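To start, the structure itself, in C-alpha cells.
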Amino acid sequence: MVSSLHGIMREVTESPRQRVPGREGKEGLRSLSFHSLVLGLLGLVFVGLFLGLGLVNSQRLEKALFEAELTKAVSTRDAVERNAEGIYRLLLRAEGRREWPEAASFMGSESLSLDDLLLTPLVDLAVELDAAEDEGRISSGSLEEILRDSNILHALFMDSSGRIILKDSSFPDELLRTAKELLNADGTIFTRLFSPSPDPGLPGFIAIRRRRAPGIVLIAFGQKELESWRLRASLQEALETVEGRMGVLYLEVRNGRGRVLAQAGEVRGDKDRAPPVTRLSMGDMVLLERHLVGRGPVLEARMPLHVGRDLLLLAAGLDGTESRELMRRNRLQIYLTTAMMTSMAFMAVFLLYLTQRRQQARLDEVRERLRQAERFSALGRLAGMVAHEVRNPLNAISMAVQRLGREYAPQGEEGREEFSKLVGLIREEIRRINGIVEDFLGVTRKGKLELREIPIGDLLEKLKTLVEAQASSRNVEIVVADRGSGPVVLADGERIMQALLNLVNNSLEAMPP
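Residue 130 in the working numbering sits at position 142 of the sequence shown; the count goes up by one each step and never skips.
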C-alpha cells in the first residue's frame, strides 16, 4: 500500500515536469511555421512562374513589334527605291530634249517638273560656289578638291571684263570662249546640259551671273557627273515623297564612301554614325537600331538601296513612340498582375497561418485539459488511498473515545462534567477530521457549504479548549470575554472553525516564546 501511494505521488508530482509544459505547443508552432514556409515557397514559385511567363510574352510582343518595324522599314526602302528608279529613268529619257515632260503621276501634283528637279540643285550649287569664292573660301589649291567632291567637271569664275578670277587647270578653251560670249548675253541663268551643241565634245554647263560683283560663274558637267547629279535629284525627290508617311521621321542616302547624296527630314542622333556600304550590305540585310533622341525613341533602319547601277545605303528614322508605349503598357500590366498575385499569395499564406495557429491553440488547450484530467485522476486515487489509511486509525480512536466515555467516566460531579466536555470535544474533532478527509476526496469538485446558525460564544469556547494547551506551553493566556452564547452567525461550522484554528495557531507560532 505504501509503495502504491509513493507511485501515485510520483505520478502527480513528476508527470508535469517530465512532459515539459508547452513542449507540444512549441513543436506545434514549429510544424506550423514549416507548413507556412512551404506554402510561402510554393506561392513564390507560382509567382515566379507567372512572372517568367509574362516576361516571355513580353519578349514575344517585342519581337513581333520589331518585325513590324522591320517590315515598315523594308516597305519604306521599297517605296524610295521604286520612286527613285522611276524618276531616274524619266530623267534619262529626257536627255537631249529642249522641252522636258512633266513628272510621272507618282511624283504628285505639287512636285517639280523634271527640268526643275535637276536644274534647281545645280543652280543652287553655282550660287554656293559664287558666295564661297567671294568670301575667300575657295583658292586655286582647294578648287580641284571642291570640284571632285561636288561632282563637277570644270569651274570658272570671270569678272565683267573677261578676266579669269579662278578656274581649274584643265578648263577647255572652247568653253572659255563660250563663257566670254555669255558676258554680253541677256539673262541671269544660262544652261546647256542636253541641248545640241556645235561641238559634241564639249561638256554641258550651267552659268549664272555673280551677285556681288559683275561677272559670271560657270560649272560644267560630263556624262559621269551628270549621272551622279541625276541620281541625286531622283533620290531627293523620292525621299521627299516618302518622308512623313508611315511614321517615317527622316530619310538619308549615302554612297559607298559614306557621303550624303540626299536627305529629307531632320536627321536625328549622330550624323557621322553611318558606315560606308560594304559587302555586308550587298544583300537584303536590314540593320535596325533603337536609340532615344530628345523626348521620343527613334528606330533607325539601315538598308541597301539599288537605283540604276549604284548600290547605296538608306537610313530611315522610324517613330518608335507607339511601339514603346505598347511595350510600356505590357510591362506595366505584367508587373501589376504579378504584384497583385504576390499580394494574394502572401495574404493566403498569412490567413492560413492564422487559421492553423488558432487550431494549434485549441489543440494545446485540449492537451492541457487532458493533462489536468490525468492529474486530477491521480489526485483522486491518492485521496482515496489517503482517506482509507487515515480512517482506519480514526475509527479506532473514535471507538476508544466512546469506551472511555462509558467505562472510565469520573464518579464526582465536577470531574464528570469536565470529562464529558473533553470526550465530546475529542469526538467533535474526530468528526471534523473525517470531514476534512471527505473534502480531500472531493478535491476535483467544488465543495458545498453546509450553512447553519452557530452561536459565536460556543464557537469561541470550543476554539479555546482546542488551543489552550498549546497556548499554555508558550505562556499565553486565552480569554473569551462575555461567555454567553452571544450573537448567532450563518456559517459552515467546520470550515469556520478550521479557519479560526489556523488563524490562532499562526498567531501563536508568530509570538516569541
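Note that the Cβ used here is the ideal one computed from N, Cα and C, for glycine as well. The structure displayed is predicted, hence computed values, not measured ones.
Per DSSP, the continuous beta strand (DSSP E) segment holding residue 192 begins and ends at 192 to 197.
Here residue 328 is exposed. Its C-beta has fewer than 16 other C-beta atoms within 10 Å. Per DSSP, residue 446 is one residue of the alpha helix (DSSP H) stretching across 444 to 461. Fully enclosed beta strand (DSSP E) runs of no fewer than 3 residues are not present anywhere in the stretch 48 to 76. Counting C-beta pairs closer than 8 Å gives fewer than three between the stretch 364 to 373 and the stretch 50 to 68, which falls short of the contact rule.
Membership of residue 229 in the alpha helix (DSSP H) is indicated by the continuous run 211 to 230. Per DSSP, residue 240 lies in no alpha helix (DSSP H) segment; the continuous beta strand (DSSP E) that holds it begins and ends at 236 to 242. As computed with DSSP, residue 251 is found in a beta bridge with 240. Residue nearest to residue 108 within the set 222, 446 and 25 is 222 (criterion: CA-CA distance). Annotated three-state conformation of residue 440 is strand, per DSSP.
Residues 453 of the same chain have their beta carbon placed closer than 6 Å to that of residue 413, with the five preceding and five following residues left out of the count. Distance between residue 118 and residue 139, taken at the CA atoms: about 16 Å.
Where residue 481 is concerned, the enclosing alpha helix (DSSP H) starts and stops at 481 to 498.
With 16 or more other Cβ atoms from the protein chains shown falling within 10 Å of its own Cβ, residue 225 counts as buried. Residue ranges of uninterrupted beta strand (DSSP E) with 3 or more members, entirely inside the stretch 283 to 344 and ordered along the chain, are 284 to 295 and 298 to 307. Segment contact: the stretch 34 to 46 against the stretch 339 to 346, fewer than three CB-CB distances shorter than 8 Å; contact not assigned. Counting along the chain, the unbroken alpha helix (DSSP H) around residue 171 starts and ends at 161 to 171.
Residue state for residue 143 is assigned as strand, using DSSP reduced to three classes.
As the crow flies, the alpha-carbon of residue 318 is around 31 Å from that of residue 253.
Counting only residues of its own chain and dropping the five nearest sequence neighbours on each side, residue 231 has a CB closer than 6 Å to the CB of 239, 252 and 253. Residue burial is scored here from C-beta neighbours: residue 128 has fewer than 16 other C-beta atoms within 10 angstroms and is therefore classed as exposed. Taking the CA atoms as reference points, residue 236 sits about 10 Å from residue 287. Residue 72 and residue 295 do touch by the CB rule: their CB atoms are close to 5 Å apart, below 8 Å.
Take residue 113, set aside five residues on each side of it, and no residue of its chain has a beta-carbon closer than 6 Å to its own. Inclusion of residue 312 and residue 285 in the CB contact set at 7 Å is warranted, their separation being smaller than that value.
Taken through DSSP and simplified to helix, strand or coil, residue 464 comes out as coil. For residue 171 and residue 74, the gap between their C-alpha atoms comes out near 38 Å. Annotation for residue 477: 442 and 444 place their beta carbon closer than 7 Å to its own, counting only its chain and skipping 5 residues before and after. In the DSSP assignment, residue 136 falls within the alpha helix (DSSP H) that extends over 128 to 137. Looking from the CA of residue 459, the closest CA among 487, 420 and 500 belongs to 500. Its Cα nearest to that of residue 27, the residue 339 stands out among 339, 166 and 150.
Close CB contacts of residue 47 within its chain, under the 7 Å cut and outside five residues either way in sequence, are absent. The C-beta of residue 354 has fewer than 16 other C-beta atoms within 10 Å across all chains shown, which makes the residue exposed.
Here the alpha carbons of residue 193 and residue 304 stand approximately 34 Å from one another. Excluding sequence positions up to five before and after residue 398, its CB lies within less than 6 Å of the CB of 404 and 407, all in the same chain and listed in chain order. For residue 159, the closest alpha carbon among the candidates 145, 229 and 149 is that of 145.
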